[in-house]
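Number of protein chains: 4
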Amino acid sequence: MTATGVLLLSCPDQRGVVAAVADFIASHNGNIVHAEQHTDDVEKVFFQRVEFEIDGFDLPRDQIRAAFDSVASRFGMTADLKFTDVRPRVAIMASKQPHCLFDLLTRWRSGELPADVVAVIDNHPDHADLVEHMGVPYVHLPVTPETKVAQEAKVLDTLRSYDVDLVVLARYMQILSPALVEAFPARIINIHHSFLPAFIGANPYRQAHDRGVKIIGATAHYVTEELDEGPVLDQEVTRVTHRDSVPELTRKGRDLETIVLARAVRAHLEHRVLVYGRKTVVFS
Amino acid sequence: MTATGVLLLSCPDQRGVVAAVADFIASHNGNIVHAEQHTDDVEKVFFQRVEFEIDGFDLPRDQIRAAFDSVASRFGMTADLKFTDVRPRVAIMASKQPHCLFDLLTRWRSGELPADVVAVIDNHPDHADLVEHMGVPYVHLPVTPETKVAQEAKVLDTLRSYDVDLVVLARYMQILSPALVEAFPARIINIHHSFLPAFIGANPYRQAHDRGVKIIGATAHYVTEELDEGPVLDQEVTRVTHRDSVPELTRKGRDLETIVLARAVRAHLEHRVLVYGRKTVVFS
Amino acid sequence: MTATGVLLLSCPDQRGVVAAVADFIASHNGNIVHAEQHTDDVEKVFFQRVEFEIDGFDLPRDQIRAAFDSVASRFGMTADLKFTDVRPRVAIMASKQPHCLFDLLTRWRSGELPADVVAVIDNHPDHADLVEHMGVPYVHLPVTPETKVAQEAKVLDTLRSYDVDLVVLARYMQILSPALVEAFPARIINIHHSFLPAFIGANPYRQAHDRGVKIIGATAHYVTEELDEGPVLDQEVTRVTHRDSVPELTRKGRDLETIVLARAVRAHLEHRVLVYGRKTVVFS
Amino acid sequence: MTATGVLLLSCPDQRGVVAAVADFIASHNGNIVHAEQHTDDVEKVFFQRVEFEIDGFDLPRDQIRAAFDSVASRFGMTADLKFTDVRPRVAIMASKQPHCLFDLLTRWRSGELPADVVAVIDNHPDHADLVEHMGVPYVHLPVTPETKVAQEAKVLDTLRSYDVDLVVLARYMQILSPALVEAFPARIINIHHSFLPAFIGANPYRQAHDRGVKIIGATAHYVTEELDEGPVLDQEVTRVTHRDSVPELTRKGRDLETIVLARAVRAHLEHRVLVYGRKTVVFS
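Chains as they are written, first to last, in my numbering: chain A, 4 to 287; chain B, 4 to 287; chain C, 4 to 287; chain D, 4 to 287.
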């Protein structure tokens, strides 16, 4: 796998955008290895992800984005440039439940996630030993209603001291304050244990049981200030029956949570996600 | 397929129920061909479906239910007895959209539904010709806000005149009045075009699009007085992406609606469903 | 929905293709409304589907393909140009089972398929009445082992006389001879009632039952001379259990067959499919 | 969770079995908490799983099975009696790939598996550290074609010395010899990385890629002497597209393997599986 550049673009829909972007790459002797686009016909917004080889590109990396400004400004584009050999720095925040945390760590150790997991922040002490054994710095930051403000300040300090690009809430079970959310816009991914927008809030498996649904789900979304209302990255579901008690729904749901959070984190880390309004474009 | 009897039972959970029911069948020289049970450990309610051969049973059909009263009264049971060669009489109510209506009719014609479709009630005239061609009486009962009360009276008359056991709302798109709902308790099945309880009410595909979900669904439920709150019979879902506009969600959703409504109707007609509170037990 | 042009392209993977195609459209004052590409990194083949507005394009329709030859020849491209307001002519071939036939006809009548169904060819007489009632010419061509050669000659005559673009085998249950297959390369779609390559050949539901699988499937594929070996367009599956007898597998499978055949036919009719070797690229 | 007894029964289908079993439990003051049955109408075999409370049962545990012989012999039954508070002893065999191994260990540590993991046998040394850190004895038994006979003897010794009830091949990647398989009939569970019977043998993801399928799968099955032909416990699938290269199929498949192996192991450990011929009955 040689390194590539990834342009994530959005702009008002208009003629000639595709050609202009392709020409920019071609004119610098680049080669597009993957391109995908989407037009929201209602909002009239154009989105594109263009992945191109850096080898042979006739500009040094640090001049590409500036050079692209000629195209971006012409079309009123928001443009983000990433390089696939620059590994994002990820912090995982966990609580008592281990399944999402250890799943992500196992994937990371086996090379499946294109990122560096630089810290685990945990408000329960249980996982310290195993996390550290896996070679990841472990920061224990317990929280109570009384200490929440102080604890969040420490969380923010920790995230900054580790220079974190992405925060993953692996069943963290605490509602983040607006200050923390604003510090990482579209860079905090949460897993909610329901098929949103069904069963917002606490105890979604109990809610699902009480309603008697025949399918349960899990939703990975970016965290915004409104609880469980952030842009959805991915969802997954599984069938259940009248036999499934709340503990059984919880157990079945854990597998959904694990899978869907990993998929969402991977999509983000591969620079395949664009956020607009409360929605996402997730390129394949 | 020889005819069988089906006992649908529920009672407070207690010792000896399974043995008492099995003994009743065995003592009359019956043979259980299928039995399934469920205990709600929270509500402490026991449910059972027992299917047994009629051939060789030493009581005539019309005396079995009364004879079973000795067991039923001992355990405080609600007991319902059905025979699989007595075909329920079904009315389908439809509106402009044809997919659920014609799917059900095609299944019925090919012998897949153990029932007689005795009437189609439609508030749009479009499907008269094809329905009648398929040999089903077609009753056109248009409705406006002004004529709703009178139209519902005619609907009820029609259902009664055809001696209907089950009403299937095949995208009927009208909210039934309490009087009509009460006349057919747990005997009106509706298909709602969302994964309930998400997107209750009108335009669920638009709601789904606005929320940016990655999975859409459909829900078959018994109709109760509260809109979209009746006991869920079955649900189905499919993945969608940012590419799917509202018309595309609608088209994909139609396939879900068709499948899940047919499955729910079939479960009801095979006497596999018990309703309690706002939930169902659907035996396999 | 205004008409658009669709270019389906494939060529050896090389630099500058994307830019050249985009430039061609832009240079003629065209507007790309959707573009999707794929590179097979093993075979080093590039594939692209480009959909562009015809309104405003500065060439008349019948000159576009020739004008594009400058691009196509430069890159060694295979290029196919379609217009979305030219409706393909479809013939459906059926046998005794009605589910796929009537599903496709219902979709067609409701405007879901961008095509004209110009004929139904059937080797059983059962569906004549309903097909004709739906306004589609019905051609009854019964077949026996002895009359197969003559019957296929009539099939071919019929397809030609109706100027058919796509043949859909809706559970036709006869193996077509090489002559017929060759006359419609990548233009005959079959539904096989298994998850290919499992259970090739006859009685796949019985094979599935004997093997004790927990999931069954259906596969839509282009017909080639080798039985059940043609390029796969789409597949779908559903869970089954030990309870499912062969008739129940058959019933559950019918829903899969119906859905997956309709999806595959739709993909073909929307010009989203490219075939190479025994594989397909199906753009979204 | 109080302890229960589980009877797993099979016998030729005949009248009165259900009543006789229920009477046996009731006559000893037992209470059936769950019962499920199945009749194979083709083979004419009856299967049942009956779970009953031990508290209050008027026989000591070690006399129940002998007392049940009166029923078993009358109906020609094969009968197996388990107690849910007797935890099966499980050995996991692994190779280089960690995903199934660590998933099972994580589930076991969180209390999800009703079993004791008593040993990990590994032919690669990589996982020693983490396995031992999790508190499980780790036995490194490397294997080459030349040492295979000797290594298998050591494997068998190890399994016996740990008094193992169930062997789980967590992507072990070695074909077991008949001697080892015979020592654990229906007690070795393997995960095969395809949707069996498609893609038997080596490199199923490459085979799937070459065939161009649109869905891939994984299959958990009991190991028998015939490669990949043992009774299927569970299967799972996921959609793929032309975009998925062999490494991507492999990555997506890992999630399937993990989930389906865990589900199958759990079903076995909960005494919900009966094997007959090359099939399984898996009660819910």
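Here a beta-carbon is modelled for each residue, glycine too, at the ideal position from N, C-alpha and C.
What does SER13 of chain B pair with, by DSSP beta-bridge criteria?
-> SER13 of chain B is bridged to B:PHE50, B:THR81.
8 Å Cβ cutoff, ASP258 of chain C in contact with chain B = Yes, because at least one Cβ of chain B sits closer than 8 Å to the Cβ of ASP258 of chain C.
Pairwise C-alpha distance: SER197 of chain A and ILE178 of chain D = In this structure, the alpha-carbon of ILE178 of chain D lies about 41 Å from that of SER197 of chain A.
If you check the beta carbons only, do ILE192 of chain D and LEU162 of chain D fall under 8 Å apart?
-> A distance of 8 Å or more separates the beta carbons of ILE192 of chain D and LEU162 of chain D.
Please confirm if THR109 of chain B has its CB atom under 8 Å from at least one CB of chain C.
-> By this cut-off, THR109 of chain B is an interface position.
contact_flag[the stretch 119 to 138 of chain C, the stretch 181 to 195 of chain C] where n(CB pairs < 8 Å) is 3 or more = Fewer than three beta-carbon pairs drawn from the stretch 119 to 138 of chain C and the stretch 181 to 195 of chain C are found closer than 8 Å, and the two stretches are therefore not classed as touching.
Looking only at DSSP bridge pairs, what is ALA38 of chain C linked to?
-> BP columns for ALA38 of chain C point to C:VAL53.
Cα-Cα separation between ARG257 of chain B and HIS127 of chain D, rounded to whole angstroms = Cα to Cα, the separation comes out at about 51 Å.
Where does GLY114 of chain C sit, in a helix, a strand or coil, going by DSSP?
-> Secondary structure at GLY114 of chain C: coil, using DSSP grouped into helix, strand and coil.
Return no unless some Cβ of chain C is closer than 8 Å to the Cβ of GLY19 of chain A.
-> Closer than 8 Å to some Cβ of chain C, the Cβ of GLY19 of chain A qualifies, so yes.
Give a yes or no on whether 8 Å exceeds the smallest Cβ distance from PHE105 of chain B to chain C.
-> Chain C contact via Cβ: present.
How many Å lie between VAL152 of chain C and SER180 of chain C at the Cα?
-> Computed Cα separation, rounded: 8 Å.
So, do the stretch 60 to 75 of chain C and the stretch 44 to 58 of chain A have three or more beta carbon pairs nearer to each other than 8 Å?
-> No, the stretch 60 to 75 of chain C does not touch the stretch 44 to 58 of chain A.
Pairing CB atoms from the stretch 68 to 80 of chain A with CB atoms from the stretch 71 to 78 of chain C, are three or more of them under 8 Å?
-> Here the stretch 68 to 80 of chain A does not lie against the stretch 71 to 78 of chain C, with fewer than 3 beta-carbon pairs under 8 Å apart.
Can you pull the chain A residues whose beta carbon is under 9 Å from the beta carbon of SER76 of chain D, in chain order?
-> Simply none; closest approach about 32 Å.
TYR208 of chain A - DSSP class collapsed to helix/strand/coil = Here TYR208 of chain A sits in helix by DSSP.
If we cut at 8 Å on Cβ distances, does GLN40 of chain A have a partner in chain B?
-> Answer no: the Cβ-Cβ gap between GLN40 of chain A and chain B never drops below 8 Å.
State the Cα-Cα distance for the pair ALA38 of chain D and ALA25 of chain D, rounded to the nearest angstrom.
-> For ALA38 of chain D and ALA25 of chain D, the gap between their C-alpha atoms comes out near 9 Å.
From ARG92 of chain A to PRO101 of chain D, what distance separates their C-alpha atoms?
-> Those two C-alpha atoms are separated by around 23 Å.
Of all the CB atoms in chain B, is at least one closer than 8 Å to the CB of ARG246 of chain C?
-> Answer yes: the Cβ-Cβ gap between ARG246 of chain C and chain B drops below 8 Å somewhere.
Quick one: any contact between the stretch 97 to 111 of chain A and the stretch 105 to 118 of chain D, if contact means 3 or more CB pairs under 8 Å?
-> Taking 8 Å as the limit for Cβ pairs, the verdict is that the stretch 105 to 118 of chain D does touch the stretch 97 to 111 of chain A.
8 Å contact criterion, which ALA97 of chain C and HIS130 of chain C should meet: CB distance rounded = The beta-carbon distance between ALA97 of chain C and HIS130 of chain C, rounded to whole angstroms, is 6 Å. This is short enough to meet the 8 Å contact definition.
Buried versus exposed call for GLN40 of chain C [16 or more other C-beta atoms within 10 Å across all chains shown] | Buried, because 16 or more other Cβ atoms sit within 10 Å of the Cβ of GLN40 of chain C.
Between ARG324 of chain A and ALA6 of chain D, what straight-line distance do the alpha-carbon atoms span, to the nearest angstrom?
-> Chain A is shown only over 4 to 287; residue 324 of chain A falls outside these bounds and no answer can be derived.
Check whether the Cβ atoms of VAL21 of chain C and CYS14 of chain C sit closer than 8 Å, and answer yes or no.
-> 8 Å or more divides the Cβ of VAL21 of chain C from the Cβ of CYS14 of chain C.
Are any of the Cβ atoms in chain C nearer than 8 Å to that of CYS284 of chain A?
-> Strictly speaking, residue 284 of chain A in this sequence is Val, with Cys absent from that position. No, its Cβ sits nowhere closer than 8 Å to a Cβ of chain C.
Separation of ILE219 of chain A from VAL240 of chain A, as counted between CA atoms | In this model, VAL240 of chain A and ILE219 of chain A are separated by some 5 Å (Cα to Cα).
Using a Cβ cut-off of 7 Å, pull out every chain F residue sitting near GLN238 of chain D, in sequence order please.
-> This model lacks chain F altogether, as its protein chains are A, B, C and D.
What residues of chain C sit near ARG254 of chain B, judged by a beta carbon separation below 8 Å?
-> In chain order: GLU115.
Any idea what DSSP makes of VAL226 of chain A, helix, strand or coil?
-> Reduced to three states, the DSSP call for VAL226 of chain A is coil.
In or out: PRO234 of chain D buried (at least 16 other Cβ within 10 Å) or exposed?
-> Buried, since its Cβ has 16 or more Cβ neighbours within 10 Å.
Closest residue to ALA69 of chain A among A:PRO140, A:ASP83, A:GLU56 (Cα-Cα distance) = Cα-wise, what sits closest to ALA69 of chain A is A:ASP83.
So the alpha helix (DSSP H) GLU135 of chain D belongs to, where does it begin and stop?
-> Residues 131 to 136.
Could you spell out the range, first to last residue, of the beta strand (DSSP E) harbouring LYS282 of chain C?
-> In the DSSP assignment, LYS282 of chain C falls within the unbroken beta strand (DSSP E) covering 282 to 285.
DSSP state of PHE27 of chain B, grouped into three classes?
-> Helix at PHE27 of chain B.
Alpha carbon to alpha carbon, how far is ARG242 of chain D from GLN238 of chain C? Give it in angstroms, no decimals.
-> Going by C-alpha positions, GLN238 of chain C is about 9 Å away from ARG242 of chain D.
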